[in-house]
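Residue numbering for the sequence shown follows our numbering, starting at 14 and increasing by one per position. Glycine included, each C-beta is placed from N, C-alpha and C at the ideal position. I have placed the structure first, in the form of structure tokens, so that the comments after it can refer back to it.
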Amino acid sequence: MRKNTYRLTEGAVLLAIFTVLLLITLYIPGLGLVVNFFLAMPFIMFAAKHDWKSASVFTIAATLLSIIVGSFLAIPIALTYGITGSVMGVLIGKGKSRLVIFTAGSLVFLANTILQYAATVVLFNMNIIEEFMTAFQQSISTSVNMLEGMGQTVDDAVLEQFENSVALMETLMPSLFVMASFMIVFFIQLLCFPLLKRFGVKVQSWMPLRNMTLPKSLLWYYLFSLIATMFLQPEVGSYWHWALTNLVFILQFFMLLQGYTFIAYYSHLKGYPKAVLIVTIVLSVIIPLILYIVRILGIIDLGFDLRKRLEAKK
Numbered sequence: 014m015r016k017n018t019y020r021l022t023e024g025a026v027l028l029a030i031f032t033v034l035l036l037i038t039l040y041i042p043g044l045g046l047v048v049n050f051f052l053a054m055p056f057i058m059f060a061a062k063h064d065w066k067s068a069s070v071f072t073i074a075a076t077l078l079s080i081i082v083g084s085f086l087a088i089p090i091a092l093t094y095g096i097t098g099s100v101m102g103v104l105i106g107k108g109k110s111r112l113v114i115f116t117a118g119s120l121v122f123l124a125n126t127i128l129q130y131a132a133t134v135v136l137f138n139m140n141i142i143e144e145f146m147t148a149f150q151q152s153i154s155t156s157v158n159m160l161e162g163m164g165q166t167v168d169d170a171v172l173e174q175f176e177n178s179v180a181l182m183e184t185l186m187p188s189l190f191v192m193a194s195f196m197i198v199f200f201i202q203l204l205c206f207p208l209l210k211r212f213g214v215k216v217q218s219w220m221p222l223r224n225m226t227l228p229k230s231l232l233w234y235y236l237f238s239l240i241a242t243m244f245l246q247p248e249v250g251s252y253w254h255w256a257l258t259n260l261v262f263i264l265q266f267f268m269l270l271q272g273y274t275f276i277a278y279y280s281h282l283k284g285y286p287k288a289v290l291i292v293t294i295v296l297s298v299i300i301p302l303i304l305y306i307v308r309i310l311g312i313i314d315l316g317f318d319l320r321k322r323l324e325a326k327k
């Protein structure tokens, strides 16, 4: 009886915290962008201490509460962060590693995003991606018309580059969905997990980045996808073009991640400060040449076991 009372009291307090966070997210735009990453914390905290059935009831209660405070537009937010946070919390309660929690949380977040996107298309006949692309193209046309109205000519090459960028963005939308889901869950862990530890929730520590390495099979997938792109040369807009472009994009990101882990390993081996990795990441985002170099380092490390060679030399 006392255990059920404590569970109800804790659930009520966490629901109140979620309601406040949801209100800030919905009605305070600037602050809401940051608070958005804390929405999953009440679900993680509750699910980490209780079973999945209690976590499910808590998620349903939070979803119903979101309708009251934020109308039906708040339902997707409550479901996405609620289910993701509950899954992560259950895995924390079972003592799973941070990598397992991160992967599972990202996949659940991605599944929620895809299902809600599909529901929007089917139920409301509204394709958010197409509307975004149309609005983007209209903004480009408006800018061109304004420049021409001011007597300035627009370079056709620049205009073609913008149009190609829009087409590429539309093609890469599935990959962008995946990347966005993993990045959001990464920030959820980065911001929420230190607070969870302060509240007595035991969370496993991250494996050091320098010790992380990806499966070598990813390198073969990357090489085969590049060869297929070169020889097949699928027509733009076709299914094969869409599939190969997204596959290459995702695998290029993995090679880049492998490059970052190698730089972290090499910095640790040589006794360099951790700032070396941070500066490299920042520069690779700004300067494309450094991005390519880091990616090549990842490919070499994965293909030729650079770390083992350095250890043997040492």
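For K326, the uninterrupted alpha helix (DSSP H) run begins and ends at 319-326, by DSSP.
Note on geometry: alpha-carbon atoms of P301 and G213 lie some 43 Å from one another.
Distance check between Q129 and each of G108, K109, A91 places A91 closest, using alpha-carbon atoms only. In the structure shown, the three-state DSSP call for G311 is helix.
In the DSSP assignment, M225 falls outside any alpha helix (DSSP H) and carries neither an H nor an E. The C-beta distance from I312 to L319 rounds to 10 Å, too long to meet the 8 Å contact threshold.
Contact check for S79 and L123: beta-carbon distance about 21 Å, past the 8 Å limit, so the pair fails to qualify. Around the C-beta of M163, fewer than 16 other C-beta atoms lie within 10 Å, and the residue is accordingly described as exposed. Under the three-state reduction of DSSP, K66 is assigned to helix. A contact between stretches requires three or more CB pairs, one per stretch, nearer than 8 Å, and the segment 133-144 fails this requirement with the segment 111-121.
Counting the other Cβ atoms within 10 Å of the Cβ of F145 gives fewer than 16, which makes it exposed. Annotation for P42: the continuous alpha helix (DSSP H) segment containing it runs 42-48.
In the DSSP assignment, I294 falls within the unbroken alpha helix (DSSP H) covering 288-299.
For K283, the enclosing alpha helix (DSSP H) stretches over residues 252-283. As the crow flies, the alpha-carbon of K287 is around 40 Å from that of G24. Rounded to the nearest angstrom, the gap between the Cα atoms of K210 and I73 is 25 Å. With contacts defined as CB atoms closer than 8 Å, G98 and F56 qualify as a contacting pair. In this chain, the alpha helix (DSSP H) harbouring S188 covers 186-211. Three or more pairs of CB atoms, one per stretch, sit closer than 8 Å, so the segment 25-45 contacts the segment 83-90. Taking a C-beta distance under 8 Å as the contact criterion, V261 and T274 do not qualify as a contact pair.
When L264, T258, Q217 are compared, the shortest CA-CA separation from L232 is found for L264. As the crow flies, the alpha-carbon of A61 is around 42 Å from that of R322. In this structure, the CA atom of V216 is about 6 Å from the CA atom of I105. With a cut-off of 8 Å on Cβ pairs, the segment 289-309 is in contact with the segment 266-281, counting three or more such pairs.
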